[in-house]
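Okay, so the sequence shown: first residue is 264 according to the working numbering, each after it adds one. All residues carry an ideal CB built from backbone N, CA and C; glycine is no exception. One structure is given below, encoded as structure tokens.
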Amino acid sequence: MIEKKINKVPSSQSKINLTHFRKKYSEYQNISDNWLIWFIGFFEGDGSLTIGKSNLEIVITQSEINKNVLIEIRDTFGFGQINVQKKFNTPGKLWVYRYIIRDFESQSILLHLFWSNLVLPIKAKKYNQFVTVFNEKLERAKYRRKIKFENVEHCLKIECESGILKDSGTLTELKQDSFGKIKTPLPTKEDAWLLGFTDAEGCFYTGFTKELKIRGCFDLTQKEDSEYSCLSVFEHIQKNIFGCGNLNWKQTKSSPNKYIELRTSGLSKDLSQIHNYFDNFILKTSKINSFLLQKEVIYRLKKSKKIICSLNKIKNLEALISLIKHSTKKNKGHKKDWKKMEENLYR
Numbered sequence: 264m265i266e267k268k269i270n271k272v273p274s275s276q277s278k279i280n281l282t283h284f285r286k287k288y289s290e291y292q293n294i295s296d297n298w299l300i301w302f303i304g305f306f307e308g309d310g311s312l313t314i315g316k317s318n319l320e321i322v323i324t325q326s327e328i329n330k331n332v333l334i335e336i337r338d339t340f341g342f343g344q345i346n347v348q349k350k351f352n353t354p355g356k357l358w359v360y361r362y363i364i365r366d367f368e369s370q371s372i373l374l375h376l377f378w379s380n381l382v383l384p385i386k387a388k389k390y391n392q393f394v395t396v397f398n399e400k401l402e403r404a405k406y407r408r409k410i411k412f413e414n415v416e417h418c419l420k421i422e423c424e425s426g427i428l429k430d431s432g433t434l435t436e437l438k439q440d441s442f443g444k445i446k447t448p449l450p451t452k453e454d455a456w457l458l459g460f461t462d463a464e465g466c467f468y469t470g471f472t473k474e475l476k477i478r479g480c481f482d483l484t485q486k487e488d489s490e491y492s493c494l495s496v497f498e499h500i501q502k503n504i505f506g507c508g509n510l511n512w513k514q515t516k517s518s519p520n521k522y523i524e525l526r527t528s529g530l531s532k533d534l535s536q537i538h539n540y541f542d543n544f545i546l547k548t549s550k551i552n553s554f555l556l557q558k559e560v561i562y563r564l565k566k567s568k569k570i571i572c573s574l575n576k577i578k579n580l581e582a583l584i585s586l587i588k589h590s591t592k593k594n595k596g597h598k599k600d601w602k603k604m605e606e607n608l609y610r
């Protein structure tokens, strides 16, 4: 359990604000606020701002099963490419796909969307580094190919009454020492940032304990940074959005990196509180399957007075485990199986 608080975020922090982006890019008025905020959360989980030796890339990586989400992002914005990163000939292994943006004009659109709207400090830190190199490369490119970059320069011109942004045609950095000193956004129950972040980093698990008792878990994890900790964000999610769960430090043997984890386990009302949020905001990735299956299990348990977990029912338990692990695509196939198993599992 985490006791010591790191980089506590002030309670006066603002919400994610899309006003600047809306004013700048009227052509995206048809995209809802919730979709854009979902995208920000999803990017903060599975996206990256990559600084290479010769070019810059904005990338989101997903397995083959969630390729449709990358297609939705590409078609909604109208730019970017989807490429195969890894191909596997081994049965059971899914290909890995990447949504990639390399051109300055498209990158500038997302950088404006992300400006002051990135929730995780570690992502804002990377944003600063990326924007610095972006501005340098843009200035050099304008001198070499002035006509080609006239439109990009116009897109990047920012006017802001707050005075935080520069008056020049380049994006400004977020101050490195800003966290805890200036307002930074936090997600709320009414927006879809946490939906996107869960689509990327969350996990709904339903299975058995060593004592053959059925349990459900919800996990949300993020790699930690000693200087730009995400603890305050996770505390906010725990206390102000879900109202439940435990915060823990997590570290694997194979990696020196430390992770922060928000976990709710068991079959208590805590999971129902979490489910309430995802009933209002529908998951887009394949995690919708495990979420719906977890809800089904909890519903059946509440309906049943007793679960038979004796050794003579082990075959049925194994069947249930198989059902949990291998739920069919879009969760359409498990309901019939539940009906067949109901007499043997419940009394």
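Proximal residues to residue i (C-beta, below 7 Å), its chain only, five neighbours per side dropped
i, result
"V396", "I314, L319"
"R365", "N318, E320"
"Q344", "I363"
"E422", "The predicted position of E422 is uncertain, since its pLDDT is 33 and thus under 50; no value can be drawn from it."
"V382", "E307, P448, L449, P450, W456, V496"
"K400", "L319"
"K558", "H538"
"N297", "D454, A455"
Selected residue, minimal CA-CA separation from residue i, among the options
i, options, result
"L376", "N297, R285, T324, S326", "R285"
"N543", "E453, D482, Q557", "E453"
"Y288", "G465, E490, A463, L374", "L374"
"I294", "L281, L483, G304", "L281"
"L357", "N329, D296, G529", "N329"
"Y360", "I334, I561, F481, S379", "I334"
"E487", "Y468, K550, P384, T548", "P384"
"A404", "V394, F367, I300", "F367"
"T461", "I477, K388, S553", "S553"
"F302", "G459, E524, K388, R337", "G459"
Cross-strand partners of residue i (DSSP beta bridge)
i, result
"Q325", "Y360"
"T478", "Reading off the sequence shown, one finds Arg at residue 478, where the question assumed Thr. Note: R478 sits in a beta bridge opposite G470."
"T527", "F481"
DSSP state of residue i mapped onto helix, strand, coil
i, result
"V347", "strand"
"R365", "coil"
"Y540", "helix"
"W378", "coil"
"Q557", "helix"
"L234", "No answer is possible for residue 234: it lies beyond the span of the chain, which begins at 264 and ends at 610."
"G459", "helix"
"G341", "coil"
"L383", "coil"
"N318", "coil"
"Y288", "coil"
"Y562", "helix"
"G465", "strand"
"Y491", "coil"
"L546", "coil"
Proximal residues to residue i (C-beta, below 6 Å), its chain only, five neighbours per side dropped
i, result
"A463", "F305, G308, D309"
"G506", "Q536"
Own chain, CB closer than 8 Å to residue i, minus 5 neighbours either side, in chain order
i, result
"Q514", "N520, K521, Y522"
"K316", "none"
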